[in-house]
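Quick notes on the structure that follows.
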Amino acid sequence: MALTLGALVAELGGELHGDAALRIEGIAPLESAGPQQISFLSHPKYLPQLAHSRAGCVIVAPEQSAAAQARGACIVTPHPYLYFARLTQLWKRHLRAPQAQRVHPSAVIDPEAVLAEDVEIGPHCVVERGAHIGAGTRLRARVVVAEGCEIGARCLLHPGVVIGADGFGFAPAPDGSWVKIEQLGGVRIGDDVEIGANSCVDRGALEDTVIEHGVKIDNLVQIGHNVRIGAHTALAGCVGVAGSARIGAHCTIGGGAVVLGHLSLVDGVHVSAASVVTRSILKPGHYSGFFPIDDNADWEKNAVALRQLYRLRERLRALERSPRSP
Amino acid sequence: MALTLGALVAELGGELHGDAALRIEGIAPLESAGPQQISFLSHPKYLPQLAHSRAGCVIVAPEQSAAAQARGACIVTPHPYLYFARLTQLWKRHLRAPQAQRVHPSAVIDPEAVLAEDVEIGPHCVVERGAHIGAGTRLRARVVVAEGCEIGARCLLHPGVVIGADGFGFAPAPDGSWVKIEQLGGVRIGDDVEIGANSCVDRGALEDTVIEHGVKIDNLVQIGHNVRIGAHTALAGCVGVAGSARIGAHCTIGGGAVVLGHLSLVDGVHVSAASVVTRSILKPGHYSGFFPIDDNADWEKNAVALRQLYRLRERLRALERSPRSP
Amino acid sequence: MALTLGALVAELGGELHGDAALRIEGIAPLESAGPQQISFLSHPKYLPQLAHSRAGCVIVAPEQSAAAQARGACIVTPHPYLYFARLTQLWKRHLRAPQAQRVHPSAVIDPEAVLAEDVEIGPHCVVERGAHIGAGTRLRARVVVAEGCEIGARCLLHPGVVIGADGFGFAPAPDGSWVKIEQLGGVRIGDDVEIGANSCVDRGALEDTVIEHGVKIDNLVQIGHNVRIGAHTALAGCVGVAGSARIGAHCTIGGGAVVLGHLSLVDGVHVSAASVVTRSILKPGHYSGFFPIDDNADWEKNAVALRQLYRLRERLRALERSPRSP
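Quick note, the sequences are listed as chains A, B and C, same order.
Counting in this note's numbering, the first sequence runs from 2 upward without gaps.
Counting in this note's numbering, the second sequence runs from 2 upward without gaps.
Counting in this note's numbering, the third sequence runs from 2 upward without gaps.
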């Protein structure tokens, strides 16, 4: 496939400097792009790589326009990375013929499930009774949407996603065994939500688990029952959110982080990878908590000392209080 | 669906104070329940919410009986949360008509697999040769039970569960490559076990991986080969248990925790979320080990200091030993 | 099934001391093996168990030959654990009749996918357009290999594996929403790679995600887009590798560890379980970083002190500088 720079700018906008007839055959990073490929400068810090790039055209911000033109063809736009994202979408549309068959015959769709228009359902999916799949939503291979769960419009659920398995709820019986609390709530997912491969969103105990519009969830993420995740929040891979936690809008949760149950995070909270959120966070900001990695021998010595830290503090206090001369 | 309070108490017991003819149409938390809904007081600390609740009836312990009766209808029972669990089960039974079709036609069941009576097997499940599925056990959509694995009675396996994939076993060859150790053991799962969506229990190397009666496992949990988990232990989401670890009965392992291989935990051990169990635990109790979360700037300063902690301790020792006067 | 010691040594080599006609009916650990079973001594530290073992035959290194012969039959070989691995493979070959049917009829194979000779494809697998499955590769039940992804020869992919789901790539739009970056790259997996149940390898954004020859990946592992993993590296369960990270050859990454994006690890790096790799590692060696587990009460006291650690360090400095006499 190939597109001329002119056709590309006609679809996506931006100010073209260079030959509109140049044929572009692919998208590539600055360092590997060749003369038939287009690249982009997402951040001024990559400016040194610009001069050496062999790319046929580079997408840049107005501030880099002069430097880019000195090198060759460029497209100037206020948000080069966003422009690149839209370019990948344009590329994908041209690359793939539209699928004729939209619900794969191996998918198991309950007759009482509701599929809106333009839905795509991949092989071996299961959509149970009373589930709703919104317009333009795509379920890749073997996604499960359990009974009564609702998915909004234009969502994308990757292979192996499970929406609406039972939340983890049990009452302890006097004999030490666990008695199941049937999970009578559902899951409601807004529009434009993407959920990565093998991730799970559990159904609520009494009320619904809610994922608001525009949330992006990576692979192997666990969302417990009754959780609510605010609009446009992004969760990286392997994150676990325990039951009844509430995460605000426009948050980011780094890979492998854990959010304990029944906590609230306000809008605009950013949690570093592998951190454990053990208390509500009431102020937007950046929060972290993981052990810094080290050479194993040093780590061992520090880990031993750490297990006596509060005693060290007491010894320090004692020294501070001790008279300095006899 | 609706049930009268009288019908409800006839099935579940408890002492009803109020109008037995009142129709209950749902179960809801204290703060959102309306006059046609029943709620519960699981802990005395929620007592202040009781007075303001609009619930048609509240399930309470004997100690809260007077306060509850002052407000309206109530059911008195020694274990309100357990009563609530049984109520959700009653609700679910009334809500769902029994399924006529118990083994979905898309499931692939080997002719040499054994299914006991009253088994339910969902769409796209795979039950391999020699596997046994106990009476009343339910496999939701696309569960895999591999060759020769045994599942007890009344278990519930959620979508995507994989029982009996190969354990992770390789011998290093002199050239630095890995030589596979075929996993010749199986998996034995007791009665009344529940396993969450996309969780995995690997088959043993030579002997079996064993999950005892009443164990509850949440979503995205990994159980390595040769592990043994004692009766009525509960594992929260995203837990990993490495090969040959032995966890006792009546333990709880918090979400995202990791238990290293070849360790033993006695009965009654409770591990906090995201903690790493690196040594055997021989005494029941509550164990923790994760880095406390903090504002990122403070965390960074503490993380830097932590990497020099054993040197700090040495400096403190030196100070303690230094003469206090010249 | 049974094999004589003579037949066994004829296939696998090694020096037999004992009766070649002895029939072996199984493989078992030293402590549980009986007279019809064969066992192995993988490390001299288990020597005390050797004398008491009832095993019919024991596989040992030359240094343990005398002790083993004093006890009974043995096979002497320079690498007993490797010999054991090959023995499990021999056992498995004898145990299982070869399958006549190699591509299960419930699998969905795109007509434009390419399957090499001797491929096995389990029930409910999905192999999309343009995917290549190398010779002798086995996909267990419900594995997904998405469009254009390539799997080498003799690989083994366990149930629920997802190869080639979209990487997690979005550009922020000025209104705070996320714009999808279509993932135009693929996944290339070398020969002799094994990938555990429900693990995921995402497709690259522009270029390919690459897993080199002989890599072994355990269950529930997440490999982000554009990652490259060097030959013969092993990743234990629940590991997460974020986008564009590069891990060298012959590395081991412990269970639950997280490798952040855009980092490089040289060959021969060993990361402890549950550690978070936040910077590139340029020197082979063993690295760790997780909070040591402790009794909860002690952990709490240390965690509180840890949040003031840099202040403690300042107080220590002040003491060191303070005059020792008035």
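Each residue gets a CB set at the ideal place from its N, CA and C atoms; glycine is no exception.
Since the structure is predicted, the reported quantities are computational estimates derived from the model, not experimental observations.
Taking the alpha-carbon positions, what's the C:PRO327 to A:ARG316 distance?
Below a pLDDT of 50, predicted positions are generally treated as unreliable, and C:PRO327, at 43, falls in that range; the measurement from the model is reported next regardless. Straight-line Cα distance between these residues: approximately 22 Å.
On the CB-based measure, 16 or more other CB atoms within 10 Å of its CB, does C:HIS233 come out buried or exposed?
buried
If you count every other CB in all the chains shown that lies within 10 Å of the CB of C:MET2, and 16 or more means buried, which is it?
exposed
Does the distance from the CB of A:GLY57 to the CB of A:PRO30 come in under 8 Å?
no
B:VAL259 versus B:ALA67: straight-line alpha-carbon distance, rounded:
46 Å
Just the C-alpha distance for A:THR89 and C:GLN184, rounded to the nearest angstrom, thanks.
8 Å
Is any beta-carbon of chain C found at less than 8 Å from that of A:CYS126?
no
Would you please verify whether the beta carbon of A:THR5 is less than 8 Å from any beta carbon of chain C?
no
For C:ASP1, which residues of its own chain have a beta-carbon under 8 Å away from its beta-carbon, when the five flanking residues on both sides are left out?
No answer is possible for residue 1 of chain C: it lies beyond the span of chain C, which begins at 2 and ends at 327.
Can you tell me whether C:ASP209 is buried or exposed? The criterion is at least 16 other CB atoms within 10 Å of its CB, across all chains shown.
buried
Would you kindly work out how many angstroms separate the C-alpha atoms of A:LEU236 and B:HIS271, rounded to a whole number?
28 Å
Taking its Cβ as the centre, do 16 or more other Cβ atoms sit within 10 Å of C:ASP176, making it buried, or is it exposed?
exposed
I want to verify the contact list: residues of chain A whose CB lies under 7 Å from the CB of C:GLU113, in sequence order.
Correct list: empty, because the minimum Cβ distance to chain A is about 12 Å.
Hey, does C:VAL270 have any beta-carbon neighbour from chain A nearer than 8 Å?
no
Beta-carbon neighbours of A:ARG143, restricted to chain C and to distances below 8 Å:
HIS125, VAL127, ARG143 and VAL145
Positions along the region 72 to 89 of chain A whose CB lies within less than 8 Å of some CB in chain C
HIS80, TYR82, LEU83, PHE85, ALA86, ARG87 and THR89
Uninterrupted alpha helix (DSSP H) stretches inside the region 188 to 276 of chain B (no shorter than 4 residues)
none
Of the residues C:VAL180, C:ARG314, C:GLY149 and C:LEU221, which one's Cα is nearest the Cα of A:LEU96?
C:GLY149
Cα-Cα separation between C:ALA174 and A:LEU83, rounded to whole angstroms:
7 Å
Quick one: which chain A residues come within Cβ less than 9 Å of B:SER54?
Correct list: empty, because the minimum Cβ distance to chain A is about 14 Å.
Tell me which same chain residues have a C-beta within less than 7 Å of the C-beta of B:ALA34, skipping the five on either side of it?
SER40, SER54, ARG55 and ALA56
Mind checking the region 212 to 245 of chain C against chain B and listing, in chain order, the residues whose C-beta falls within less than 7 Å of any C-beta there?
GLY215, LYS217, ASP219, ASN220, LEU221, HIS233, ALA235, ALA237, GLY238 and CYS239
My understanding is that A:ILE190 touches A:CYS156, with C-beta atoms under 8 Å, so please give their C-beta distance in whole angstroms.
6 Å
Is the distance from the Cβ of A:ALA250 to the Cβ of A:VAL228 below 8 Å?
no
Quick check on A:GLN50: buried or exposed, where buried means 16 or more other Cβ atoms within 10 Å of its Cβ?
exposed
Let me know if B:PRO124 comes out buried or exposed under the rule of 16 or more other beta-carbons within 10 Å of its beta-carbon.
buried
Check distances from the C-beta atoms of the region 278 to 290 of chain B to those of chain C and list, in chain order, the residues that come in under 8 Å.
VAL278, THR279, ARG280, GLY286, HIS287, TYR288, SER289 and GLY290
Within-8 Å CB hit, B:SER276 to chain F
Checking the listed chains, one finds no chain F in this structure; the protein chains it contains are A, B and C.
Taking just the CA atoms, how far does A:LEU207 sit from C:ILE329?
The requested residue 329 of chain C is not part of the displayed model; chain C covers only 2 to 327.
Within the 8 Å Cβ cut-off, does C:VAL188 reach chain A?
no
For C:ASP1, which of helix, strand or coil comes out of DSSP?
Chain C is shown only over 2 to 327; residue 1 of chain C falls outside these bounds and no answer can be derived.
C:ALA304 classed as buried or exposed, judged by whether at least 16 other C-beta atoms fall within 10 angstroms
buried
Am I right that A:GLY244 and A:GLY225 are in contact with their C-beta atoms under 8 Å? What's the rounded C-beta distance?
4 Å
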